[in-house]
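> Top line first, the protein sequences correspond to chains A and B. Quick note on numbering: the UniProt record's numbering labels position 83 of the first sequence as 83, and the sequence is numbered without any gaps. Quick note on numbering: the UniProt record's numbering labels position 54 of the second sequence as 54, and the sequence is numbered without any gaps.
Protein chains: 2
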Amino acid sequence: MDPAKLLDILGNENRRRIIQLLASRPCYVSEISGRLGVGPKAIISHLDLLEQAGIIECSVDEQRRKYFNIANNMRLEVLLSPYTYTVTLHDIHFNREKGGETPSKKETLDREESSTLLLKLSSRLRELKKRQEELTQMQQQLQAEYTEIMDQCLDSIEKVATNPIECELLFELLRNETTLASLCYNLRLHPSVINASLTALEKRGFIEYSIKNNQYYWKIRETGAENE
Amino acid sequence: MDPAKLLDILGNENRRRIIQLLASRPCYVSEISGRLGVGPKAIISHLDLLEQAGIIECSVDEQRRKYFNIANNMRLEVLLSPYTYTVTLHDIHFNREKGGETPSKKETLDREESSTLLLKLSSRLRELKKRQEELTQMQQQLQAEYTEIMDQCLDSIEKVATNPIECELLFELLRNETTLASLCYNLRLHPSVINASLTALEKRGFIEYSIKNNQYYWKIRETGAENE
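Below, the structure is given as structure tokens:
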């Protein structure tokens, strides 16, 4: 799914409430409507939209009533800082439909074995939650350091650049290695102007290029220190 | 900031485009309007909203023109799976205004030293990006495993529960330790019904409680295996 599409979907409070409800249990339309205090007509139109986007799916129970559940497993991440805005959406695959081993094993488990297994699995879930919190911590530290270093870089760039265009170029290249064409587009400057500055910066040892897919990609020169 | 508020803000495409532009460089209203092909009136109303939310801030340049930049450093994460919907927003603090050491050190750096520093910082940025990718990988694996284990748990629960209410209770407790009141609210069942089932499940060794802030919190019994 396009991350922008997901942001559009999550931009509506009632859709968020529907998703939250379905993540706690599969529900019928009447249940959702009653629980959220929103008319069934509006609920159905949200459900249609969520279903089309592949976020939910519907099934039919023994009494031929339709119920809905979350179909997807995904992680959306938005990083926002003075130097970054990135939106990433990961579809996470899991072995739900796999079957194979598990069902046959399942048949042979009696109630006692199932009990032990349940306690074991529950303890594994707790571990995973703890690990999740650790990863979140690490990610925050990383983002904080990134922003601090970018601040320091801006100070250095002001010192080493001989004109505003060099400033802009170094700043762009610091964030990503990039092509002449992208630089022209982002900075709205003529290729000849940018090329002259790139050449000057390369001569002074600040930047270098590599060729990928028949294109020149410019980046800040690697000093070799980062190659572990 | 309330994560719901941020989702409301990001639910609009033009606001996302403004944020993206400002994360690449501070801009004037006229620049934003020209770049995005959206009238200045609409841009200004989006900017007002973004400023009120604390996402952007404005400054005035030497020619007394207002320009806008990203004021915040934050990470929004949405996890969505058949068993989870969590939205977390982390405000990430960084030492931007700190000053102290850095400025005095900055004064003493000449152009040559600044050049070396810039290359060093750039190489650190590259490391951070690599690390970021690794963390993202880990987080995805974690989420996949979580969903798989929840699937297995559901199988076990079906085996060990003697009635649908026990099923529901075990499922709720698997996701979070929780109070009687929350269970009543989530399952829409009378306290006496839930209490009877909790007592039965406790007797059979599936669940246990702890007391926090004068409240009973029920959870799946810890077997001790998870305590490293």
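Glycine residues also receive a C-beta, built at the ideal position from the N, C-alpha and C atoms.
1) Per DSSP, what are the beta-bridge partners of A:Tyr-216 in this structure?
2) Considering just the uninterrupted stretch of the alpha helix (DSSP H) at A:Tyr-85, what are its terminal residues?
3) Suppose you measure from the CA of A:Lys-106 to the CA of B:Thr-178; what does that come to, to the nearest Å?
4) Measure from the alpha carbon of B:Ser-33 to the alpha carbon of each residue in B:Gly-11, B:Lys-203, B:Phe-68 and B:Pro-191, then state which is nearest.
5) Nearest by alpha-carbon distance to A:Met-1: which of A:Ala-71, A:Arg-175, A:His-190 and A:Phe-171 is it?
6) Does B:Leu-169 come out as helix, strand or coil in the three-state DSSP assignment?
7) Taking the alpha carbon of B:Leu-119 as the reference point, which residue from A:Arg-17, A:Pro-82, A:Thr-223 and A:Ala-4 has its own alpha carbon closest?
8) Report yes if the CB atom of B:Ile-211 is closer than 7 Å to the CB atom of B:Leu-173, and no otherwise.
9) With a threshold of 7 Å between beta carbons, is A:His-190 in contact with chain B?
10) So, with DSSP's three-state summary, where would you put A:Asn-176?
11) For A:Leu-49, I'd like the list of residues in its chain whose CB is within less than 8 Å of its CB, leaving aside the five on either flank, ordered along the chain.
12) Measure from the alpha carbon of B:Gly-205 to the alpha carbon of each residue in A:Leu-80, A:Gln-152 and A:Ser-114, then state which is nearest.
13) For A:Thr-147, count neighbouring C-beta atoms within 10 Å of its own C-beta (all shown protein chains included) and say buried if the count is 16 or more, exposed if not.
14) If you drop the 5 nearest sequence neighbours on each side, which residues of the same chain put their C-beta closer than 6 Å to that of A:Leu-187?
15) Go ahead and pull the three-state DSSP assignment for B:Asn-14.
16) Within the same chain, show all residues whose beta-carbon is closer than 6 Å to that of A:Val-87, passing over the 5 residues directly before and after it, in chain order.
17) Taking B:Arg-75 and A:Gln-132 to be in contact with their CB atoms under 8 Å, please state how far apart those CB atoms are, rounded to whole angstroms.
18) Report, in whole angstroms, the separation of the C-beta atoms of B:Arg-111 and A:Val-160, which I expect to be a contact under 8 Å.
19) Should B:Pro-82 be labelled buried (16 or more other beta-carbon atoms within 10 Å of its own) or exposed?
20) Using a Cβ cut-off of 9 Å, pull out every chain A residue sitting near B:Cys-153, in sequence order please.
21) Assuming the contact rule is C-beta atoms closer than 8 Å, A:Leu-121 and B:Cys-153 should be a hit. Round their C-beta distance to whole Å, please.
22) Which residues in chain B sit within 7 Å of A:Met-74, going by Cβ to Cβ distance?
23) Three-state secondary structure (DSSP) at B:Val-60?
24) For A:Glu-112, does the three-state DSSP call read helix, strand or coil?
25) Closest by CA to residue 316 of chain A, which one among A:Leu-109, A:Leu-80 and A:Asn-73?
26) For chain A, check one thing: does any of its Cβ atoms lie closer than 7 Å to the Cβ of B:Ala-23?
27) Would you decide whether A:Tyr-216 is buried or exposed? Buried here means 16 or more other CB atoms lie within 10 Å of its CB.
Taking the geometry as given:
1) A:Ile-211
2) Premise fails: A:Tyr-85 lies in the beta strand (DSSP E), 84–91, not in any alpha helix (DSSP H).
3) With a pLDDT of 49 at A:Lys-106, under the threshold of 50, the modelled position of that residue is not reliable, and no figure is offered here.
4) B:Phe-68
5) A:Ala-71
6) helix
7) A:Thr-223
8) no
9) no
10) coil
11) Ile-9 and Arg-15
12) Looking from the CA of B:Gly-205, the closest CA among A:Leu-80, A:Gln-152 and A:Ser-114 belongs to A:Ser-114.
13) buried
14) Excluding its 5 nearest sequence neighbours in each direction, A:Leu-187 has C-beta neighbours in its own chain below 6 Å: Glu-168, listed in chain order.
15) Looking at B:Asn-14 - three-state DSSP - the assignment turns out to be helix.
16) Pro-3 and Val-78
17) Contact doesn't hold; Cβ gap of about 14 Å is too wide.
18) Indeed, because the Cβ distance is near 6 Å, the residues count as touching under 8 Å.
19) buried
20) Leu-117, Leu-118, Leu-121, Ser-122 and Leu-125
21) 5 Å
22) Leu-80
23) strand
24) helix
25) In the structure as shown, chain A begins at 1 and stops at 228. Residue 316 of chain A is therefore absent and cannot be evaluated.
26) For B:Ala-23, the answer is yes, since a Cβ of chain A falls inside 7 Å of its Cβ.
27) exposed
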